[in-house]
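Under the UniProt record's numbering, residues 1 to 293 are what the sequence shown spells out, in order.
All residues carry an ideal CB built from backbone N, CA and C; glycine is no exception.
On a predicted model such as this, the values are computed, not experimentally measured, just so you know.
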Amino acid sequence: MAIGTRRWHRDRVYPLWFHLPAAVLYVVLFAVPTGASFWFSLTRWTLFEAEFIGLDNFVQFFSEPMLVQGFINTFIYGFVTSGSKVVLGLLLGLVLTGRMFGRNFLRSVIFFPVLVSTIGVGITFKVLLDPFHGLVNGVLAAVGVAGPGWLTDPRMALLTVAAVDVWKGLGIATLIYMAGIVAIPQEYFEASKVDGASWWQNFRHITLPLVMPATTTVILLSLIGGLRSFDLIWAMTKGGPGFTSDVIASVIYKQYQAGFFGLSTAGNVVLFLVVSLIVVPMSVWFNRREVER
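See the structure below:
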């Protein structure tokens, strides 16, 4: 009995050793930095010293209009880019899984922006959308249309960057939807054809419910990326004009540049909590719906 118990214990514990390298990496690269960030967000710190000040950094973060504006812009940017990628990704997924001429070429064209550097995309579109010398407004002027200030108009700057973000990330959403659509068994469509179902009925009652796992993936990935976005916004507008296209990440960077390390760390904690409080409940809700189906 003792030998059998020891063998059972050995067989049960032995595989746990394979988790040890991943656990060490998780603790060193995630748990420790996260804990340090929470601590330093409660201090006024420099590279050489730290003074504990409690929640003062968070109070200041939410009392400055610039920081509050960045907080609001983050939600606008995240939800606009996420919703657009879901809708356009699903439509393109339907088109590119159908029978059409040049389908493989169009798939490559849609996916190509994903492979390009985000900073490169930002600089390129900043030049193209220049209100005075940009190619886009030049083409509009040639047909008699006065082009707007895409990146200089406070009402348009954030949405213009969001549109570029959608263009760049749409390939991933389309690819995920294509995989989900192709995985749908054809027997469902054959049965609906026998029943005389229309294209819209097929889409509503077969395609849409069965690509729900793909929709969940696209929503979560694009929403996380949108809420954490920084590089594209910084390359195109640097948060301008004024603070109209600032998001939390760009505000945090500006605070670091100005030497307000504690305040910027508090911003990082706020961003982490915001993303977690939005994404985790959504993920649980989506997973629960998939289990119920």
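Inter-stretch contact at 8 Å, needing at least 3 Cβ pairs: the region 173-183 / the region 91-101: A contact between stretches requires three or more CB pairs, one per stretch, nearer than 8 Å, and the region 173-183 meets this requirement with the region 91-101.
Threonine 217 - containing alpha helix (DSSP H), residue span: Stepping through the sequence shown from its first residue, residue 217 is reached at position 217. Threonine 217 -> alpha helix (DSSP H) spans 212-227.
Alpha carbon of alanine 191 to alpha carbon of leucine 90, nearest angstrom: One-based indexing of the sequence shown puts residue 191 at position 191. One-based indexing of the sequence shown puts residue 90 at position 90. So the two alpha carbons sit approximately 23 Å from each other.
Neighbourhood of threonine 74 by C-beta, 7 Å cutoff - its chain only, sequence neighbours within 5 removed: On the sequence shown, residue 74 is found 74 positions in, with the first residue counted as 1. Within the same chain, Cβ atoms closer than 7 Å to the Cβ of threonine 74 are found at Leu227, Val247 and Ile248, the five residues on either side in sequence being excluded.
Per DSSP, cross-strand counterpart(s) of alanine 50: Here residue 50 refers to the residue found at position 50 when the sequence shown is read from its first residue. Trp45, per the DSSP bridge assignment.
Which listed residue (Ala214, Leu67, Asp165 and Tyr26) has its alpha carbon closest to that of serine 283: Within the sequence shown, residue 283 is the residue found at index 283, counting from 1. Ranking the options by Cα distance to serine 283, first place goes to Ala214.
Which of helix, strand or coil DSSP assigns to leucine 128: To locate residue 128, count along the sequence shown from 1; it is residue 128. Three-state result, leucine 128: helix.
Sequence-distant residues of its chain with Cβ nearer than 7 Å to leucine 210 (five each side left out): Within the sequence shown, numbered from 1, the residue matching residue 210 stands at position 210. Answer for leucine 210: Ile184, listed in chain order.
Cβ-Cβ distance between valine 121 and valine 164 below 9 Å: Here residue 121 refers to the residue found at position 121 when the sequence shown is read from its first residue. Here residue 164 refers to the residue found at position 164 when the sequence shown is read from its first residue. The answer is yes: Cβ separation under 9 Å.
Reduced DSSP category for leucine 135 - H, G, I as helix; E, B as strand; rest coil: One-based indexing of the sequence shown puts residue 135 at position 135. In this structure, leucine 135 counts as helix in the three-state DSSP scheme.
Proximal residues to proline 154 (C-beta, below 6 Å), its chain only, five neighbours per side dropped: On the sequence shown, position 154 is the one that residue 154 refers to. Excluding sequence neighbours, proline 154 sits near Pro241 and Thr244.
Leucine 55 in three-state terms, based on DSSP: What you label residue 55 is simply residue 55 of the sequence shown in a count that begins at 1. Residue state, collapsed to three classes: coil.
Phenylalanine 30 burial status per 10 Å Cβ neighbour count (16 or more: buried): Within the sequence shown, numbered from 1, the residue matching residue 30 stands at position 30. Counting Cβ neighbours within 10 Å, phenylalanine 30 comes out exposed, since fewer than 16 surround it.
The region 56-66 touching the region 261-276, judged by at least three CB pairs closer than 8 Å: With a cut-off of 8 Å on Cβ pairs, the region 56-66 is in contact with the region 261-276, counting three or more such pairs.
Cβ-based neighbour list, alanine 141, same chain, cut-off 7 Å, excluding 5 preceding and 5 following: In the sequence shown, the residue the question calls residue 141 occupies position 141. Leaving aside the five residues that flank alanine 141 on each side, the residues in its chain whose CB is nearer than 7 Å to its CB run, in chain order, Gly147.
Span of the alpha helix (DSSP H) around proline 65: By one-based count along the sequence shown, residue 65 stands at place 65. First-last of the alpha helix (DSSP H) with proline 65: 65-96.
Minimum Cβ-Cβ distance from leucine 115 to chain D less than 9 Å: The structure shown contains no chain D; it holds only a single protein chain.
Cβ neighbour criterion (16 or more within 10 Å) applied to methionine 236: Numbered from its first residue, the sequence shown carries residue 236 at position 236. Its Cβ being crowded by 16 or more others within 10 Å, methionine 236 is buried.
Burial state of valine 24 (16 or more Cβ within 10 Å): The count along the sequence shown starts at 1 and reaches residue 24 at position 24. Exposed, since its Cβ has fewer than 16 Cβ neighbours within 10 Å.
Contact under 9 Å by Cβ, serine 250 with isoleucine 233: Within the sequence shown, the letter at position 250 stands for residue 250. Within the sequence shown, the letter at position 233 stands for residue 233. Yes. Within cutoff.
Coil, strand or helix - aspartate 153 by DSSP: In the sequence shown, the residue the question calls residue 153 occupies position 153. Three-state DSSP puts aspartate 153 in coil, outside helix and strand.
Residue of Ala258, Glu49, Thr81 and Val143 minimising C-alpha distance to leucine 159: Locating residue 159 in the sequence shown gives position 159, counting from the first residue. Cα-wise, what sits closest to leucine 159 is Thr81.
Residue from Ser276, Leu277 and Val270 whose Cα sits closest to the Cα of valine 68: Taking the sequence shown and counting its residues from 1, the one referred to as residue 68 is at position 68. For valine 68, the nearest C-alpha among the options comes from Val270.
Sub-9 Å separation of glycine 259 and glycine 70 beta-carbons: For this step, residue 259 is matched to residue 259 along the sequence shown. For this step, residue 70 is matched to residue 70 along the sequence shown. No; because the gap between Cβ atoms is not below 9 Å, this pair is not in contact.
Within 9 Å, strictly: CB atoms of glycine 98 and glycine 169: One-based indexing of the sequence shown puts residue 98 at position 98. One-based indexing of the sequence shown puts residue 169 at position 169. The answer is no: Cβ separation not under 9 Å.
Contact check, isoleucine 278 vs alanine 162, beta carbons under 9 Å: What you label residue 278 is simply residue 278 of the sequence shown in a count that begins at 1. What you label residue 162 is simply residue 162 of the sequence shown in a count that begins at 1. At the C-beta level, isoleucine 278 and alanine 162 stay beyond 9 Å of one another.
Arginine 289 (DSSP reduced to helix, strand or coil): As a first step, residue 289 must be located in the sequence shown, where it is residue number 289. Three-state DSSP puts arginine 289 in a helix.
Residue burial classification, alanine 36 (beta-carbon count within 10 angstroms, cutoff 16): If you number the sequence shown from 1, residue 36 lands on position 36. The residue is exposed, with fewer than 16 neighbouring Cβ atoms inside 10 Å.
Segment limits, alpha helix (DSSP H) that includes proline 33: Sequence index remark: in the sequence shown, residue 33 carries index 33 (1-based). Looking at the DSSP string, the run of the alpha helix (DSSP H) that includes proline 33 is 32-40.
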